[in-house]
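Here the structure is laid out as structure tokens; the discussion comes afterwards.
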Amino acid sequence: MSDVIIVHGAWHQPAHYQSLAGLLRSEDLSVEVPDFHGLSLDESTALIEDIVAVDERPPVVVGHSFGGVAAGTVRGAAVLVFLTSWILDVGESPARLLGEAQEITGAPAEGLLVKPDDEGWLRLDPADAREKLYAGLDEDTAIRAVELLRPEPPSIFGATPSRVSWRNTPTIYIAGRDDRAIDPVLVRRFAARCSTAETWPTGHSPYLSCPGAVVDVVRRWR
Numbered sequence: 407m408s409d410v411i412i413v414h415g416a417w418h419q420p421a422h423y424q425s426l427a428g429l430l431r432s433e434d435l436s437v438e439v440p441d442f443h444g445l446s447l448d449e450s451t452a453l454i455e456d457i458v459a460v461d462e463r464p465p466v467v468v469g470h471s472f473g474g475v476a477a478g479t480v481r482g483a484a485v486l487v488f489l490t491s492w493i494l495d496v497g498e499s500p501a502r503l504l505g506e507a508q509e510i511t512g513a514p515a516e517g518l519l520v521k522p523d524d525e526g527w528l529r530l531d532p533a534d535a536r537e538k539l540y541a542g543l544d545e546d547t548a549i550r551a552v553e554l555l556r557p558e559p560p561s562i563f564g565a566t567p568s569r570v571s572w573r574n575t576p577t578i579y580i581a582g583r584d585d586r587a588i589d590p591v592l593v594r595r596f597a598a599r600c601s602t603a604e605t606w607p608t609g610h611s612p613y614l615s616c617p618g619a620v621v622d623v624v625r626r627w628r
């Protein structure tokens with residue numbers, strides 16, 4: 407049984423969320439942090455729903471960053487917690503929304519510096535990731551988080567849900583006041599899609615900067 411399912415962000419992996427998972431477990435909550443690396447959106451959704459299907463009661467699903475895309479398609483959750491994350495509607499893709507944000511502001515959408523490697527996979531620039539993903543963290547924690555980052559296929563920017571669950575599931579959006587990984591235009595759009603929205607004095611990684619606050623949110627629904 408899983409009380410909480412954490413859906414990791416792109417370029418991230420389950421190891422990034424060990425501290426948060428440990429803190430949740432110390433509260434007598436069971437936690438799953440599946441690995442979605444290399445999976446399509448449909449495959450990620452199916453993996454999460456397989457976990458939900460065997461739970462005795464609906465779990466809290468926490469989607470961080472790009473993990474919100476998959477979290478927003480999951481049926482059967484008690485609540486969807488979007489932690490500084492993306493939320494897509496049917497037919498939308500990250501590439502499309504980045505283009506729309508650029509049209510609105512007249513400038514390139516704020517986000518991460520992405521570079522293809524020799525095999526065509528997309529890697530984050532370490533210095534840029536340190537600044538935009540892990541600002542405000544102590545140096546050791548930030549360095550470890552950067553070291554854990556891994557490349558992603560270009561297809562992540564074309565991920566497009568064929569259905570969503572966030573319209574008929576309780577949702578909460580947690581925005582980071584100092585988040586520089588998602589353009590503010592998109593943050594406002596995503597927050598407006600949720601039942602409740604809060605802005606915290608944090609950057610893009612509140613699961614590291616204020617994990618206790620994340621636990622408090624989960625506790626509201628368990």
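With positions in the sequence shown counted from 1, the corresponding number in my numbering is that position plus 406.
We put the beta carbon where it would ideally sit given N, CA and C, even for glycine.
Residue closest to residue i, alpha-carbon to alpha-carbon, out of the options
i: S568; options: D448, L435, A427; result: D448
i: L518; options: L528, A507, K538, I412; result: K538
i: T490; options: E438, D585, R502; result: D585
i: R463; options: V475, G482, A476; result: G482
i: E558; options: V552, A541, P522; result: P522
i: A484; options: L543, E516, V458, P532; result: V458
i: S561; options: S408, P612, A416; result: A416
i: T575; options: A476, S446, S408, V480; result: V480
i: L530; options: D546, A587, A515; result: A587
i: T608; options: D546, A619, V552; result: A619
i: V552; options: Y579, F488, L614; result: L614
i: E516; options: A421, P617, P420, D589; result: D589
i: V591; options: L445, W527, W492; result: W492
i: T577; options: A548, V466, V496; result: V466
i: P420; options: T451, S446, G469, S432; result: G469
i: V437; options: Y423, L528, P514; result: Y423
i: T602; options: R626, P617, P514, R502; result: R626
i: G444; options: G428, H418, H610; result: H418
i: A533; options: L494, V520, A513, A476; result: V520
i: A476; options: S446, A501, G497, R502; result: S446
i: S450; options: G478, L503, D495, R599; result: G478
i: P612; options: G497, T547, A501; result: T547
As assigned by DSSP and simplified to three states, the class of residue i
i: I411; result: strand
i: R573; result: coil
i: G582; result: strand
i: V623; result: helix
i: E433; result: coil
i: R529; result: strand
i: T566; result: coil
i: A535; result: helix
i: T605; result: strand
For residue j and residue i, believed in contact at Cβ under 8 Å, the rounded distance
i: V624; j: L430; result: 6 Å
i: V413; j: G473; result: 4 Å
i: S499; j: A565; result: 6 Å
i: W606; j: R573; result: 24 Å between Cβ atoms; not a contact.
i: P440; j: L453; result: 5 Å
i: M407; j: D461; result: 5 Å
i: R628; j: L486; result: About 14 Å; that fails the 8 Å criterion.
i: A535; j: L554; result: 10 Å between Cβ atoms; not a contact.
i: I580; j: F442; result: With a Cβ gap of about 20 Å, I580 and F442 do not count as contacting.
Minimum length 4: unbroken alpha helix (DSSP H) runs contained in the region 458-521: 473-477, 500-511
Are the region 581-596 and the region 506-513 touching by the rule of at least three beta carbon pairs closer than 8 Å? yes
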